[in-house]
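Have a look at the structure below before the remarks.
Number of protein chains: 2
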Amino acid sequence: MSCERYAGAIVEHALGADLAPDARTHLETCGVCRGRFDEQQRAMQALDAELQQALRFALFHALQAGARGEQRAIAAKGLTGPGYNGHAFWDTETFVLPLLTYTIPEAARDALRWRHATLDLARERANQLGLAGAAFPWRTIAGHECSSYWPAGTAAFHVNADIADAVGRYQAASGDERFEREAGLELLVETARLWRSLGHHDAEGRFRIDGVTGPDEYSAVADNNVYTNLMAQRNLRLAADAVERHPDRAAQLGVDSEEAAGWRDAAAAIVVPYDEKLGVHPQAEAFTEHQPWDFASTAPDQYPLLLHFPYFDLYRKQVVKQADLVLALHLRGDAFSAEAKASDFAYYEALTVRDSSLSACTQAVVAVEVGHLELAYDYFGEAALIDLDNLEHNTRDGLHIASLAGAWIVAVAGFGGMRDHDGALTFAPRLPQRLNRLAFGLCFRGRRLKVEVDQRQARYSLRQGEPLQIAHHGETFDVTGAEAVTRTIPTAPARDLPGQPPGRAPVRRRPGG
Amino acid sequence: MSCERYAGAIVEHALGADLAPDARTHLETCGVCRGRFDEQQRAMQALDAELQQALRFALFHALQAGARGEQRAIAAKGLTGPGYNGHAFWDTETFVLPLLTYTIPEAARDALRWRHATLDLARERANQLGLAGAAFPWRTIAGHECSSYWPAGTAAFHVNADIADAVGRYQAASGDERFEREAGLELLVETARLWRSLGHHDAEGRFRIDGVTGPDEYSAVADNNVYTNLMAQRNLRLAADAVERHPDRAAQLGVDSEEAAGWRDAAAAIVVPYDEKLGVHPQAEAFTEHQPWDFASTAPDQYPLLLHFPYFDLYRKQVVKQADLVLALHLRGDAFSAEAKASDFAYYEALTVRDSSLSACTQAVVAVEVGHLELAYDYFGEAALIDLDNLEHNTRDGLHIASLAGAWIVAVAGFGGMRDHDGALTFAPRLPQRLNRLAFGLCFRGRRLKVEVDQRQARYSLRQGEPLQIAHHGETFDVTGAEAVTRTIPTAPARDLPGQPPGRAPVRRRPGG
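Line by line, the protein sequences give chains A and B.
Numbered according to my numbering, the first sequence spans residues -3 to 509.
Numbered according to my numbering, the second sequence spans residues -3 to 509.
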């Protein structure tokens, strides 16, 4: 009878949960329960091994696609299959380049040099659209715009800010001055010019970007998409900063101090809509006033929605294909308060159907930050196993390179809590019950940093290079060498677990499913 | 020397303007000026004759296309040419049916019976889109949706309210109970059901219609398009009224009193956005916050804009292809104050490029109402002469039947000031200087009403039928027979003439002009 009473708690204990004293006493004395506990632990270890294998598989393929790009495009499928006809998208800069930047920085540099090599085509495209600067293509192989459908294609101008973000990240993490002078500065300048001409100031002097499409492809051509505006803001500031560092090169590109000041002004005045009544950020202006999708009447076999409902219907309702506002919470986390992140994440979690493979990893990263560690772990499994388990039933078309790189992002930016806003490296690690240990290395300005995390503490050490200032959960300190700096991990904030649309929660990753 | 001083005033006098006493004295005594005056008058009379011919040509072709529809679609080009491949659009109900309703009502009835005959297809279409009721096609020959492009095509749901409006107009003007029971009621019910399911109530209980396209094809897929919302409001109310008149037939269509009450509630709660700062109605939500089109940098040969700029750019800026909010000012004039009409007209006049032939007639109607009589006269010429003068260089593709019917609309609803809100017939006639006289007949519930207007007064008489209550500039009275009721015409309100985009003003219709 006491076996029965403690059975559930003992299984959870095997998955990492704490055990109450009376249950612990029982476990120590009952052979049956001990056996059950050991069995669960072995099953969990098998899951760990599976995840470790999946992560290695993911890294192998992401690096294979990325590190051997050799100044050609890194395609959505790498060279693993015919999906997307070999085209590259924003996936490259947003999902693959963070991995490359911190592991094989010269591969990130080469990928950005490829973008730079296509600048003339991007300038031509901007000119064709009546815009200044450069408009990089939504999908391409050699730099030409190859997308014909425009509402959720060429109107997704955020690709330009994503490229700028990748330039800024690589620059901060590498200190590669030669790259900045030869390519980075020009990429930043031309994309900043694009944003400055794409947006306009309204009567109150607020800088608006109207009629563009954000990452979520179940919305299109909306005003002031929060992700787009915040990434454009960063783009404008990165460009102005780079101009300040290299006034001579900037002058050669025709940038004077007035132009750069104009970018800073636009960035400062950018519109970030907020729904005061709901206390959340709308994905784009008026998004939260639209009708919520009727999830209750949507059958499981009607996903992905795009194959069963007209875009007309998807576009006008609150339903999210993939992280959009939530991606802003990650990449522009410096623009949101902790409470806003928690409210926004919960709101969009209930609307996000994950009909795109570019979502689970981002949902995992923000889930960790706002305290939903177990949910993040489930998303982690989905991102890492997408192809090994053929989760989207289309692995025969090629691997999901961005999702695989995204598995690394979950490990490092999710459970490692790594952020790199303004070039500073900070960590806020936290592990879910079902993970005992996480370890990863990062390249940063000639250094090799090692981070090891367990349930209670994190250890930071340098394998190579000069002392480095980092932060752990808000506390700043220097890591000076091979001797690890150890810091305890504060308890995650307790928050109500948000729900997903019916049937769209990630598969619970535990023994027996 | 005095000839020179008075020359301009004397020319204007020949075009209808008053003459100051000193100029009048000069004209009476100077043979040269007298000769010039007579020449101008003859030229003006020739223009009058041209316009009269154009109007007859327009009526002939509009009636030819419409009166011989015989329960088939009235195509945009009638049977006069291959343009639009024989397809019919909302043009039929909004531009051709008003003419037919008041001149050959049985032709209007037949056109609506054609729509009714396609109801099953429209129901199927609504069902396909996950909507209730019936969704009539954007372009069709036999009732099937034949439009592939959707942002400015099938998303233009207003066609359904336009059909309902035509039903309501025909019903009020004919009192044709048999039609109402056999076809009209069902058209109203099924379109009301469509709107009820297409819109939704927001958190404040306001009824929103998101993500649809209004008449203007240089905007698409916007929230709360004012024209659409106001026409949907009328649709919902017309349906509820008809259900009240025919509860037995309504019951056969499955309508109970709760459903009809729901339509009235939605109609009462419908969102009509208003820009408080500018004091105008935005065409759709946020429209007035978008960047104005850069007209100054647009060359004359870049019109029509759709052939020279990407839709991406057109959709996100303030530029109007054709009357949209201004069409609401006409057809739903009962929902706007006189001052709002004047401000709104001025605002949209400066943004409207008239790249569609479905615009000049509507701009003329509202121009008259807000007091810009001479501007209206110029638009009148454009609507009436569109094919005789091949103004759009495409008359070889067929005649612009809606624009030709629109010439009748300018005469009757513009200079005659006829409105038919809620089934009441009202007039507010006013002639421009360049028109001496306007006369037209109207069929209304078995009567034949004759209206004659000159610069100073209007005469209303009945050629046939029972006494009829009408209104003249707000004063209600009965017309009882052949003896005309004469009323003077109040002076038009003096308002600043609004401007059009550079180069997009209508051609000034005057001798040598």
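Just so you know, even glycine gets a beta-carbon here, dropped at the ideal spot from N, CA and C.
Predicted, not measured: the structure shown is a model, and the values here were computed from it.
Review point. So, are the CB atoms of P507 of chain A and E378 of chain A less than 7 Å apart?
Key: no
Point to revise | Integer Cβ distance of W259 of chain B from A188 of chain B, believed to fall under 8 Å | key: 5 Å
Practice item. Enumerate in chain order the residues of its own chain whose CB-to-CB distance from Q67 of chain A is below 6 Å, with the five nearest sequence positions on each side excluded. Key: D106, R109 and W110
Check your understanding: G437 of chain A bridges to which residues according to DSSP?
Key -> A:K446
Exercise for review: Assign S293 of chain B to buried or exposed, taking buried as 16 or more other Cβ atoms, counted over all protein chains shown, within 10 Å of its Cβ.
Suggested key: exposed
Exercise for review: Please classify A424 of chain A: does DSSP put it in a helix, a strand, or coil?
Suggested key: coil
**Study point:** Buried/exposed call for F85 of chain B, threshold 16 Cβ in 10 Å
**Key:** buried
Exercise for review: Quick one: list the residues of chain A neighbouring F305 of chain B, beta-carbon separation under 9 Å, in chain order.
Suggested key: L125 and G126
Check your understanding: Are the beta-carbon atoms of P525 of chain A and F308 of chain A separated by less than 7 Å?
Key -> With chain A running from -3 to 509 in the structure shown, residue 525 of chain A is simply not present.
Practice item. Check the Cβ of K273 of chain B against every Cβ in chain A and list those closer than 8 Å, keeping chain order. Key: A199
**Study point:** Chain-order list of residues whose beta-carbon lies under 6 Å from that of P428 of chain B (same chain, five-residue window excluded)
**Key:** L369, E370 and Y373
Review point. Does any residue of chain B bring its CB to less than 7 Å from the CB of D206 of chain A?
Key: yes
**Study point:** Neighbourhood of A523 of chain B by C-beta distance below 6 Å, restricted to the same chain and skipping five residues each side
**Key:** Residue 523 of chain B lies beyond the range of chain B shown here (-3 to 509); nothing can be said about it.
Exercise for review: Any chance you could list the alpha helix (DSSP H) runs of at least 4 consecutive residues sitting entirely within the stretch 155 to 207 of chain B, in chain order?
Suggested key: 181 to 194
Review point. Helix, strand or coil for H22 of chain B per DSSP?
Key: helix
Exercise for review: Check whether the Cβ atoms of A13 of chain A and Y2 of chain A sit closer than 7 Å, and answer yes or no.
Suggested key: no
Exercise for review: Under 7 Å between beta-carbons, which chain A residues line up against H140 of chain B? List them in chain order, please.
Suggested key: Chain A residues near H140 of chain B: none, gap ~16 Å exceeds 7 Å.
Practice item. Can you tell me which of A:G164, A:Q37 and A:Q314 puts its alpha carbon nearest to the alpha carbon of R328 of chain A? Key: A:G164
Review point. Should T482 of chain B be labelled buried (16 or more other beta-carbon atoms within 10 Å of its own) or exposed?
Key: exposed
Practice item. Identify the continuous alpha helix (DSSP H) that holds T358 of chain A and give its terminal residues. Key: A356 to V366
Check your understanding: Looking at G129 of chain B and L226 of chain B, is the spacing between their C-beta atoms short of 7 Å?
Key -> no
Check your understanding: Under 7 Å between C-beta atoms, does D212 of chain B make it to chain A?
Key -> no
Check your understanding: Cα-Cα, which of A:A264, A:A280, A:T284 and A:A263 is closest to K273 of chain A?
Key -> A:T284
Exercise for review: Work out the CA separation of D320 of chain A and N156 of chain A for me, nearest whole Å.
Suggested key: 16 Å
Check your understanding: When you compare only the Cα positions, how much space is there between V361 of chain B and A5 of chain B?
Key -> 28 Å
**Study point:** Element boundaries [alpha helix (DSSP H), containing D474 of chain A]
**Key:** It is not in any alpha helix (DSSP H) - D474 of chain A instead sits in the beta strand (DSSP E) that spans E471 to V475.
**Study point:** Residues within the stretch 306 to 326 of chain B neighbouring chain A, beta-carbon criterion of under 9 Å
**Key:** P306, Y307, F308, D309, Y311, R312 and K313
Check your understanding: Are the C-beta atoms of D219 of chain A and some chain E residue less than 7 Å apart?
Key -> Absence of chain E from the displayed structure is noted, the protein chains being A and B.
Review point. In the DSSP assignment, what are the bridge partners of P288 of chain A?
Key: A:Q314
Practice item. Could you tell me whether the Cβ atoms of D351 of chain A and P278 of chain A are closer together than 7 Å? Key: no
Practice item. Kindly confirm or deny that the stretch 429 to 439 of chain B and the stretch 111 to 122 of chain B touch, where touching means at least three C-beta pairs closer than 8 Å. Key: no
Review point. Are the Cβ atoms of I397 of chain B and A61 of chain B separated by less than 7 Å?
Key: yes
Check your understanding: Which word fits F341 of chain B, buried or exposed, when buried means at least 16 other C-beta atoms lie within 10 angstroms of its C-beta?
Key -> buried
Check your understanding: At least one CB of chain B closer than 7 Å to the CB of A151 of chain A: is that the case?
Key -> yes
Exercise for review: Taking E120 of chain A as the query, report the chain B residues whose CB atoms sit under 8 Å from its CB, ordered along the chain.
Suggested key: Result: empty, since nearest Cβ-Cβ is about 14 Å, beyond 8 Å.
Exercise for review: Specify whether the stretch 323 to 337 of chain B and the stretch 129 to 145 of chain A touch according to this definition: at least 3 beta carbon pairs, one from each stretch, less than 8 Å apart.
Suggested key: no
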